[in-house]
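*Asks:* Residue numbers (the numbering used here), protein chains in the order written: chain A, 1 to 343; chain B, 1 to 122.
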Amino acid sequence: MTGIVSYGSYIPKFRIRVEEIARVWGEDAEKIKGGLGVYEKSVPGMDEDAATIAVEAAREAISRSKIDPSEIGAVFVGSESHPYAVKPTATIVGEAIGAGNDYFSADLEFACKAGTAGMQICYAMVKSGMIKYGLAIGADTSQARPGDALEYAAAAGGAAFIIGNDPIAEIEATYSYTSDTPDFWRRDLQPYPSHGGRFTGLPAYFRHVISAAKGLMEKHEFKPEDFDYAVFHMPNAKFPIRAAKMLGFSIEQINQGLVVRAIGNTYSGSSLLGLCATLDIAEPDERILLVSFGSGAGSDAFAIRVTDRIENYSREPAVWDKIERKVYVDYAIYLKHRRKIKA
Amino acid sequence: MVPRFWRKIKYRYDLKGSYCENCGNYHYPPRNFCPVCRRRGRVKEVRLPDEGRVLSYTIIREGEPCVVALIELDNGTRIISQLSCDPSEVETGMRVRKAFRRYGEDGEEGIINYGTKFVPAN
Chain A
1 MTGIVSYGSY IPKFRIRVEE IARVWGEDAE KIKGGLGVYE KSVPGMDEDA
51 ATIAVEAARE AISRSKIDPS EIGAVFVGSE SHPYAVKPTA TIVGEAIGAG
101 NDYFSADLEF ACKAGTAGMQ ICYAMVKSGM IKYGLAIGAD TSQARPGDAL
151 EYAAAAGGAA FIIGNDPIAE IEATYSYTSD TPDFWRRDLQ PYPSHGGRFT
201 GLPAYFRHVI SAAKGLMEKH EFKPEDFDYA VFHMPNAKFP IRAAKMLGFS
251 IEQINQGLVV RAIGNTYSGS SLLGLCATLD IAEPDERILL VSFGSGAGSD
301 AFAIRVTDRI ENYSREPAVW DKIERKVYVD YAIYLKHRRK IKA
Chain B
1 MVPRFWRKIK YRYDLKGSYC ENCGNYHYPP RNFCPVCRRR GRVKEVRLPD
51 EGRVLSYTII REGEPCVVAL IELDNGTRII SQLSCDPSEV ETGMRVRKAF
101 RRYGEDGEEG IINYGTKFVP AN
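1) Helix, strand or coil for A/N312, going by three-state DSSP, please let me know.
2) Since A/P12 and A/S42 should fall inside the 8 Å C-beta cutoff, what is the C-beta to C-beta distance between them, to a whole number of angstroms?
3) What runs of the alpha helix (DSSP H), each 4 residues or longer, lie entirely inside the stretch 145-206 of chain A?
4) Let me confirm a value: A/D188 is counted as buried when at least 16 other C-beta atoms fall within 10 Å, else exposed. Which label applies?
5) Can you find a CB in chain B that lies within less than 7 Å of the CB of A/T52?
6) Does A/V209 come out as helix, strand or coil in the three-state DSSP assignment?
7) Could you name the residues that DSSP lists as bridge partners for A/I121?
8) How is B/Q82 classed by DSSP in three states: helix, strand or coil?
9) So does the stretch 307-323 of chain A actually touch the stretch 213-227 of chain A, counting three or more Cβ pairs closer than 8 Å?
10) Could you tell me the alpha carbon to alpha carbon distance between A/A230 and A/S105, rounded to whole angstroms?
11) Tell me, which residues are paired with B/S88 by DSSP?
12) Based on the DSSP secondary-structure assignment, which residues constitute the bridge partners of A/I72?
13) Roughly how far, in whole angstroms, is the beta-carbon of B/R19 from the beta-carbon of B/Y26, given that I think they are within contact range, below 8 Å?
14) Residues in the same chain with beta-carbon distance under 6 Å from B/C34, minus the five sequence neighbours each way, listed in chain order, please.
15) State the CB to CB distance for the pair A/S79 and A/S268, rounded to an integer number of angstroms; the pair is presumed to be in contact (CB under 8 Å).
16) How close, in whole Å, do the beta carbons of A/R344 and A/A169 come, if the pair is a contact with beta carbons under 8 Å?
17) Work out the CA separation of A/Y10 and A/S81 for me, nearest whole Å.
18) Relative to the C-alpha of B/I60, which candidate in B/S84, B/I71 and B/R39 has its C-alpha closest?
19) Is DSSP giving A/N255 helix, strand or coil here?
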């Protein structure tokens, strides 16, 4: 039985409210909050980036499982905000967690779904017997052009999963749906991404999320009622709620993982933080549907069944408790933290 | 600059210190020679505790204010480290835990230096 042996998460403590961003750009905050379903977003500290977030999440996953880091045979970090254009984040993480030198490693990039791509690779490597444990991380300090609609949601955070045998949550099945869809992109050397506005909805997010979820359920004979919880990628709160309805899932099934309302879209960390929040309360034999989405575009779907091992597994501090530990910043401090203004 | 930082990565990224099996003293940064026992010392590398408390601190106000603290880890090891928090938060005796953070970068084109800092434990 192969699956999630341990998980960890990290959310920077700083937050900015939608009202504060809307104040600067003369927009109607209530309309934006109503439209996106996002009330505030996480902001990284001055000395934080995707690598530091990845290390913090990975260290939590390791300390909860008490696994010897030298037994980790693969480290993959998925992000669209790797600190270097050329030089892997994964080697920084491997060194910081004490993985030694005997491990497979690479950085992954697939907009918001690079973290789940890492989980699939680790899952395959463990299943094939190549490695004992694999560490898959999704971490981002996502960028948004000042004044762009993205700025209300583009946030920072990450989650780490140790994949191995005898898991706390078995990965029963995984399925991906991929196409060439230019809904969101960032060209080389450009500081901010561009996007297709409304085009990011139906032909991009919904097509891939729905197709991946349906593909997984058809191929492996699952129905929406077979799942106790579902987590869909959260660019905002509106999209996952609509995707759930389209697939026949209830709001009760997705509420626990809907972290986007309070921290925004943490990109590669987004659906994974939703999964962490769901695993925080899941009981043995409960089943979770996880569907990520990465622009460009693709979705990875997973059927995850919680095992008895979760009963003796430490899940503190919970994701929702971390969300509550926060310090608000204004727009000027936000600009400084995001290194958009410098002394 | 690159080799100078690279040589210290192991000790900066995590709290790897030295322990003398002869006298029981811990040191950080690690020593390859025990300054207490000298030639009788038997030094080995150990991972130090993640948490400790602030014994004393100072705030450097040249540019962005920065808190530098003398921290006693839970096994008694004393280390000097940057405390990543608002200067108004820090007080003597406060519990702190290690965190992986950016130290700085060698300009726009150079390497990014990472290492251990401390943050308030709660």
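No residue lacks a Cβ here, since even glycine has one placed at the ideal position from N, Cα and C.
Because the structure is a prediction, the values reported are computed rather than measured.
*Replies:* Reading from the atomic positions:
1) Your numbering for residue 312 of chain A matches position 312 in the first sequence. The answer is helix: DSSP assigns A/N312 an H, G or I state.
2) In the first sequence, the residue the question calls residue 12 of chain A occupies position 12. In the first sequence, the residue the question calls residue 42 of chain A occupies position 42. Contact holds; Cβ gap of about 5 Å.
3) none
4) Walking along the first sequence from the start, residue 188 of chain A turns up at place 188. Flag for A/D188 reads exposed.
5) Residue 52 of chain A sits at position 52 when you count from the first residue of the first sequence. Yes - at least one Cβ of chain B is within 7 Å of the one on A/T52.
6) As a position in the first sequence, residue 209 of chain A is number 209, starting the count at 1. In the structure shown, A/V209 sits in a helix (DSSP, three-state: H, G or I).
7) Position 121 of the first sequence, counted from the first residue, corresponds to residue 121 of chain A. DSSP lists no partner for A/I121.
8) For the purposes of this step, residue 82 of chain B is identified with residue 82 of the second sequence, where counting begins at 1. Three-state DSSP puts B/Q82 in a strand.
9) no
10) Translated into positions along the first sequence, residue 230 of chain A becomes position 230. Translated into positions along the first sequence, residue 105 of chain A becomes position 105. Going from the Cα of A/A230 to the Cα of A/S105 covers about 30 Å.
11) If you number the second sequence from 1, residue 88 of chain B lands on position 88. DSSP, once it has assigned bridges, lists no residue as partnering B/S88.
12) Here residue 72 of chain A is taken as the residue at index 72 of the first sequence, counted from 1. DSSP output for A/I72 lists A/Y133 as bridge partner(s).
13) As a working mapping, residue 19 of chain B is identified with position 19 in the second sequence. As a working mapping, residue 26 of chain B is identified with position 26 in the second sequence. Correcting the residue identity first, residue 19 of chain B is Tyr in this sequence and not Arg. Indeed, because the Cβ distance is near 5 Å, the residues count as touching under 8 Å.
14) The count along the second sequence starts at 1 and reaches residue 34 of chain B at position 34. Take B/C34, set aside five residues on each side of it, and the residues of its chain with a beta-carbon closer than 6 Å to its own are C20, G41 and V43, in chain order.
15) Indexing the first sequence from 1 puts residue 79 of chain A at position 79. Indexing the first sequence from 1 puts residue 268 of chain A at position 268. For a cut-off of 8 Å, the C-beta gap from A/S79 to A/S268 is around 5 Å, short enough to register as a contact.
16) With chain A covering 1 to 343 only, the question about residue 344 of chain A has no answer from this structure.
17) The residue labelled residue 81 of chain A in the question sits at position 81 within the first sequence. The residue labelled residue 10 of chain A in the question sits at position 10 within the first sequence. Distance between the alpha carbons of A/S81 and A/Y10: 16 Å.
18) Counting from one through the second sequence, the residue named residue 60 of chain B turns up at place 60. Checking every option, the nearest Cα to that of B/I60 belongs to B/S84.
19) Along the first sequence, read from residue 1 onward, the residue named residue 255 of chain A stands at position 255. DSSP places A/N255 in helix when its eight states are reduced to three.
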